[in-house]
């Protein structure tokens, strides 16, 4: 099970031109698997419009709105700190038969073609049901 206790993010307060958070931001996600004591590329990589993914509940991400003051992309303001807490990923929306092990998920936030930030998350895939060997 993947679990995020608390995430804080603050948008910059610079005097940049206004932006439309709903349309201009996308994320590129790359998964790495811990092998031989280092994280190596794992064949899961995708890019998606972040706000559309939340609205469509892609891979169960809509749960991100259940705790904290982040209510989605509408009304996001510069200079405000946003909190996301007690977030769990809906495993039923992920690929079946994921290999057991430790993973790092790197999410790169892009504004048009510019990298705005990188978020690294760490998790582990475990067998939750006991294995019975005959």
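In UniProt numbering, the protein residues as written are 1 to 134.
Heads up, the beta-carbon is just placed ideally off N, CA and C, and yes, glycines get one too.
- The beta carbon of residue 107 sits closer than 6 Å to those of 27, 29, 119, all from its chain and outside the five residues before and after it, given in chain order.
- Its Cα nearest to that of residue 126, the residue 97 stands out among 97, 66, 57.
- Residue environment for residue 56: exposed (fewer than 16 other C-beta atoms within 10 angstroms of its C-beta).
- Straight across, the Cα-Cα distance linking residue 76 with residue 87 is about 19 Å.
- For residue 85, the enclosing beta strand (DSSP E) begins and ends at 81-88.
- Residue 33: member of the beta strand (DSSP E) spanning 25-35, first to last residue.
- In terms of Cα proximity to residue 31, the closest of 37, 44, 68 is 44.
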